[in-house]
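First up is the structure itself, then whatever we jot down about it.
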Ligand SMILES: Nc1ncnc2c1ncn2[C@@H]1O[C@H](COP(=O)(O)OP(=O)(O)OP(=O)(O)O)[C@@H](O)[C@H]1O
Ligand SMILES: [Mg+2]
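Residue numbers (the working numbering): 1373 to 1970.
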């Protein structure tokens, strides 16, 4: 969880000289703006304490990028305050584990979070420079790729033995930019077949002048964006110029339906973030003039494309969505008419229905032009659009599986710059990474930073991703996973039904959904007659490195203590080593003696 404190500087002294009404007049727009910024980035305002505000990111619902959201919100607040004459601000941001009361109602002044992470955030805030943002160590580590920091001396804090390391956040690195270069840290490992499919698709659209849609599906960090980057290199190496336009859907900043598409149009016109509306308009006019020429419908297309680039939508123009889609398709076809065109829609699981409909429509209706549409998405997309990528002659979906142990070991060797690791450590690392390249990267990084004698913990960002994916599940699905975790490392639908009270038909459907989203997998053989056997996928479960510690081993059938305590122990154990994020409440009462092998 990430905690943010923001405080008005020197306001208390001024408040004494002002009427209470004036105080309120100064403060209320400040509070309103603060709240708006915090909520825009997905934070929850927990409380106002005097002039200060405390906000939480990651509770009640976790997002995988909570620290980044918090720092971005802090920078947005700082930038706004810098323009104000009357006030100044100090902000502190800190990340760590906290005790979270899920039932609390912050709106009623009930506190949600407590713990060292909260106190340290307050200390960092007090030590921050005027109109500055200080971040603690874990926040810094998790966001240094996307936020620019300046090192500052550690903060001496009351009640703490050691000074608290701190960094000042300077600016957010552009993330929304187009054609975001992928930072590949090593050569590509494995994935020959998948890259082959992409390469063939590109060759085919060029040779046959027909559009194609390829969707890459897989859990976070499995390498979807990396494959897109590899395809980009293939396209770059071609002697013929291929136009490549890329846009992504965002997990926050909702409300701009066709953002990803608008980004592509802006990139085509060379519009920069810093351009004034006048400059942007001129660039757009020039680009559309070139692309559309004097075609009879040019003016109509131009209007819709202009509206898209301006506001990310053009339904306002009248004629509704169907007309806008037709105009945009026309534009895309006109582009592809001139040169082979690749459109990449990244992170379609965050796209809203409008954009998904458009991608669908485009690949179905565009014709006679060399157009390759590539989408990337996490398996959640299939829950919303079960038929995505299938059922059309020119669409395929590729599901990316975990890397083999041999490939993971090769990747780890490349990341460390030397091939061999001590055998025990190698085994632990492979188990933790579970064939996921992102996890492998994070684990290697932790290994490099690890102090002597420490256990290899689960890296923060991996935990964040797992918690965020779990939080997005429907309540019934979360309950099912909880019940399953209570049963054990593998489970059977009958046992889950006995615990949860759900009907079998319903349960099978739920399990099927969770399997598609790669939270559970069905084993080929079952140890209970007549019952399918399931387990967590390698990617949904927390890496198992921690299991061997005392208290982490599964209390089995030899248990001699009270049934109640057995239930509690199993739940605690399941939380630690299986798929239940901390902070999830147990569903009591847990029936301690289930009717299946223990
Ligand atoms: N086959 C591979 N060989 C080497 N490195 C890889 C491979 N696949 C992925 N990586 C690296 O692992 C990291 C995560 O991959 P990537 O960003 O492509 O994941 P993703 O599937 O797009 O995840 P998300 O859903 O979060 O966008 C990147 O640094 C990437 O370069
Ligand atoms: Mg990606």
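We put the CB at the ideal spot given by N, CA and C, even for glycine.
Span separating the alpha-carbon of residue i from that of residue j
i	j	result
residue 1787	residue 1444	29 Å
residue 1456	residue 1447	15 Å
residue 1795	residue 1516	31 Å
residue 1838	residue 1561	24 Å
residue 1841	residue 1435	8 Å
residue 1699	residue 1713	17 Å
residue 1538	residue 1576	53 Å
residue 1619	residue 1458	39 Å
residue 1668	residue 1674	11 Å
residue 1736	residue 1766	8 Å
residue 1580	residue 1749	27 Å
residue 1500	residue 1527	9 Å
residue 1378	residue 1509	18 Å
residue 1617	residue 1636	5 Å
residue 1706	residue 1665	10 Å
residue 1866	residue 1858	14 Å
residue 1381	residue 1463	10 Å
residue 1542	residue 1523	10 Å
residue 1743	residue 1658	23 Å
residue 1704	residue 1564	30 Å
Beta-carbon proximity check, residue i vs residue j, cutoff 8 Å
i	j	result
residue 1722	residue 1622	yes
residue 1775	residue 1807	yes
residue 1465	residue 1511	yes
residue 1701	residue 1663	no
residue 1597	residue 1469	no
residue 1449	residue 1506	no
residue 1641	residue 1656	yes
residue 1439	residue 1467	yes
residue 1519	residue 1498	no
residue 1602	residue 1644	no
residue 1747	residue 1629	no
residue 1441	residue 1414	yes
residue 1588	residue 1772	yes
Any non-hydrogen atom of ligand 2 within 7 Å of residue i CB
i	result
residue 1596	yes
residue 1718	yes
residue 1587	no
residue 1511	no
residue 1780	no
Residue i - DSSP class collapsed to helix/strand/coil
i	result
residue 1724	coil
residue 1905	coil
residue 1379	strand
residue 1497	helix
residue 1854	helix
residue 1790	coil
residue 1740	coil
residue 1400	helix
residue 1427	strand
residue 1686	The predicted position of residue 1686 is uncertain, since its pLDDT is 48 and thus under 50; no value can be drawn from it.
residue 1606	helix
residue 1774	coil
residue 1504	strand
residue 1389	coil
residue 1692	helix
residue 1542	strand
residue 1491	helix
residue 1875	coil
residue 1752	helix
residue 1439	helix
Candidates the options, of which the one nearest residue i by Cα
i	options	result
residue 1863	1485, 1668, 1895	1895
residue 1751	1900, 1635, 1592, 1615	1592
residue 1425	1451, 1706, 1493	1493
residue 1885	1768, 1753, 1557	1753
residue 1768	1671, 1574, 1428	1574
residue 1504	1428, 1532, 1452	1452
residue 1421	1393, 1376, 1440, 1449	1376
residue 1782	1654, 1559, 1850	1559
residue 1556	1820, 1856, 1595	1595
residue 1802	1403, 1779, 1496	1779
Closer than 7 Å: residue i CB and nearest ligand 1 heavy atom
i	result
residue 1561	yes
residue 1441	no
residue 1492	no
residue 1660	no
residue 1556	yes
residue 1590	yes
is_contact[residue i, chain C] using C-beta, thresh 8 Å
i	result
residue 1754	In the structure shown, chain C does not exist; there is a single protein chain.
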